Amino acid sequence: METRASYTIVGAFVLAFMVGIVLAIVWLADVEFDTENQRYHIYFDGTVTGLKTGNPVRYRGIPVGVVTQMEINPDNVEQVRVTIEVGSDTPIKEDASASLEFQGLTGVAFVQLSGGTNDAPTLRSKPGEKYPVIPSTPSQLEELFEKAPELLNRFIGLVDRANGILSTENQRSITQILTNLTGFTGALANSSDDIQRLLKEGGNTLTQVQATAKEAETLIGAFAERSESIAALAEKTLIDVDALVVESETLVSTGIPVLEQTGRTMERAEGLVNDLRPHVGPLAESATISMGEFNKIAGDLRFAARNIGNAAKEAAELIDNNEDSLSEFSNSGLYEFTQLIAESRILVQVLTRISNELERDPARFLFGDQSEGFQAQ
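If you use the working numbering, the sequence shown corresponds to residues 41 to 417, in order.
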């Protein structure tokens with residue numbers, strides 16, 4: 041019996057199978073047909089080894105597109121122009137930059153987009169440009185490769201210096217230093233007992249120094265207290281001396297006018313006597329001896345008044361001329377005089393105590409206590 045196949049059914053089955061395969065491929069490739077893309081140009085000054093068409097483009101590590109074209113820049117043969125295609129919703133700003141990165145040291149190369157602030161405007165193409173241009177920056181690996189010769193030269197120089205340090209002559213010097221260090225450590229180990237004894241003596245000395253410092257502190261405190269009392273006494277004495285000087289100056293200034301007034305009074309009395317002398321001739325003749333004695337007494341009084349006035353003036357001048365000496369005495373000499381009086385009092389107390397001891401028991405004071413006797417062991 042002959043089998044009749046339906047070509048219509050077979051054709052429909054094959055067509056459905058092909059459509060399913062296409063849909064599976066689209067689903068697995070995650071192709072988006074409704075997405076609009078934007079192309080950009082990137083100009084690299086260095087080499088782009090490892091980069092090829094179809095390699096990914098990432099923005100801050102997120103895949104956003106692919107490399108679509110690579111060629112030498114027609115306007116500058118020293119640059120490589122790379123064309124990328126990313127989603128139109130990718131926020132490429134004017135301050136963004138592109139660099140060539142690698143997945144590991146030997147991995148696949150890809151274009152890394154970085155930078156771009158939120159407030160910066162979106163990157164647009166300028167007049168005369170087919171696509172917007174993203175500035176390029178060297179990658180860290182590229183910078184490392186560029187600096188590798190310089191680093192290698194520095195390393196070679198460092199090795200040469202190390203060889204110079206480790207020369208034969210320096211090796212002998214280092215060996216001698218190590219030998220001396222070994223001898224020093226050995227001597228130090230042998231002298232450990234002496235070092236311990238030295239440290240112990242140093243500790244004892246430090247203890248004595250601390251005790252001496254405490255005694256000195258106590259002595260200084262007592263001296264400070266005594267100095268305060270002496271200073272108070274000296275200040276009071278200075279005040280008294282200043283008051284005495286003021287009173288002396290007042291007395292002198294008061295005595296000078298009185299003596300001058302006395303002199304003027306005596307002169308007036310002498311004038312009165314001279315005026316009365318012509319009118320009392322008989323009386324003057326009978327009392328010549330008495331008037332002569334009166335004149336003599338008046339002359340003596342006038343002479344005495346003048347002497348007193350001169351003495352007062354000389355006293356005032358003496359005080360004025362010795363004002364600095366008196367001030368110096370009141371500032372320093374009086375303090376020393378007060379200190380001398382205080383020390384004299386102490387000396388009198390000591391002599392009084394010695395006198396009492398002599399009166400109480402002279403033999404014991406001179407020869408000590410003789411009643412201790414013999415002490416049995």
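Glycine is no exception: its CB is placed at the ideal position from the N, C-alpha and C atoms.
From a predicted model like this one, the values you see are computed outputs, not experimental measurements.
- Following the DSSP letters along the chain, one finds G226 inside the alpha helix (DSSP H) bounded by residues T208 to N230.
- By the criterion of a C-beta distance shorter than 7 angstroms, S128 is surrounded in its chain by E76, N77 and Q78, once the five residues flanking it on both sides are discounted.
- Closest by C-alpha distance to I82, out of E118, A138, V54 and V88, is A138.
- When DSSP reads this structure, I132 sits in no beta bridge, so it has no partner.
- In the DSSP assignment, T123 falls within the beta strand (DSSP E) that extends over V120 to G127.
- Taking 8 angstroms as the upper bound for CB-CB distance, I132 and T108 are not in contact here, some 15 angstroms apart.
- Taking C-alpha positions only, F224 is separated from E209 by approximately 23 angstroms.
- According to DSSP, residue pairing for P96 in a beta bridge involves V106.
- Between the beta-carbon of G90 and that of V97 there is about 14 angstroms, and that puts the pair past the 8 angstroms contact cut.
- Taking all protein chains in view, the Cβ of S176 is crowded by 16 or more other Cβ atoms within 10 Å, so the residue is classified as buried.
- In this structure, L163 lies near I174, with their beta-carbon atoms less than 8 angstroms apart.
- In terms of Cβ geometry, V88 and M58 do not form a close pair [threshold 8 angstroms].
- Counting other Cβ atoms within 10 Å of its Cβ, E169 stays below 16 and is therefore classed as exposed.
- When secondary structure is reduced to three states using DSSP, L191 falls in the helix class.
- Note: T162 is bridge-paired with K133 in the DSSP secondary-structure output.
- Under the three-state reduction of DSSP output, L55 falls in the helix class.
- In the DSSP assignment, N77 falls within the beta strand (DSSP E) that extends over N77 to F84.
- About 22 angstroms separates the beta carbons of A160 and E141, which is beyond the 8 angstroms limit, so they are not a contact pair.
- In this structure, F84 keeps its C-beta atom at 8 angstroms or more from the C-beta atom of V117.
- Annotation: V249 to L228 spans about 28 angstroms, alpha carbon to alpha carbon.
- Counting of Cβ neighbours within 10 angstroms places Y99 among the buried residues, the total reaching 16 or more.
- Boundaries of the beta strand (DSSP E) around Q152: A149 to G155.
- Here the C-alpha atom of Q389 lies approximately 30 angstroms from the C-alpha atom of T252.
- Exclusion of the five residues before and after A188 leaves no residue of its chain whose Cβ lies closer than 6 angstroms to its Cβ.
- Taking a C-beta distance under 8 angstroms as the contact criterion, P172 and Y80 qualify as a contact pair.
- Just so you know, the alpha carbons of N95 and A202 end up roughly 46 angstroms apart.
- Between G101 and P178, the CB-CB gap reaches or exceeds 8 angstroms.
- The Cβ neighbour count for L153, taken over all protein chains shown within 10 Å, is at least 16; the residue is labelled buried.
- The Cβ-Cβ distance between V122 and V148 does not fall below 8 angstroms.
- Each residue's CA atom was taken as its position, placing D234 and E241 some 10 angstroms apart.
- Counting of Cβ neighbours within 10 angstroms places V126 among the buried residues, the total reaching 16 or more.
- Across the structure, Q379 and L387 are spaced so that their CA atoms are roughly 12 angstroms apart.
- With fewer than 16 other Cβ atoms from the protein chains shown falling within 10 Å of its own Cβ, A64 counts as exposed.
- The three-state secondary structure of L140, taken from DSSP, is strand.
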